[in-house]
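K.L.:
When you line the sequence shown up against my numbering, it's residues 34 to 104, in that order.
Positions of the beta carbon are idealized from the N, C-alpha and C atoms, including for glycine.
I have a structure here, written as structure tokens, and I will follow up with some questions on it.
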Amino acid sequence: MIVTVTPNPSLDRTYEVPSLDRGEVVRATGERMDPGGKGVNVSRAVAAAGRRTVAVLPLGGAPGALVAELL
34 MIVTVTPNPS
44 LDRTYEVPSL
54 DRGEVVRATG
64 ERMDPGGKGV
74 NVSRAVAAAG
84 RRTVAVLPLG
94 GAPGALVAEL
104 L
């Protein structure tokens, strides 16, 4: 098992746009939120490789609940 420690977790927000044209208004067609931070990213990669992992990170309030739900 691999244990990671992330003292500064984040919520990464990604927007999808159909194209980027100079001088044009850009409107997002989709949005995604993912937990982030170096240790969280490593734990996600380890889990995707089929190994056991535990991510240790400070969570609190509504943002913390959202990160916990997304993990």
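#1: Given that a residue counts as buried once 16 or more other Cβ atoms are within 10 Å of its Cβ, and exposed if not, what is residue 100?
#2: Report the three-state DSSP secondary structure of residue 68 (helix, strand or coil).
#3: Distance, Cα to Cα, residue 51 vs residue 61?
#4: Are the beta-carbon atoms of residue 72 and residue 47 separated by less than 7 Å?
#5: Closer than 6 Å by C-beta to residue 89: which residues in its own chain qualify, once you throw out the five before and the five after it? Chain order, please.
P.N.:
Answer, in terms of the structure:
#1: buried
#2: strand
#3: 8 Å
#4: no
#5: 38
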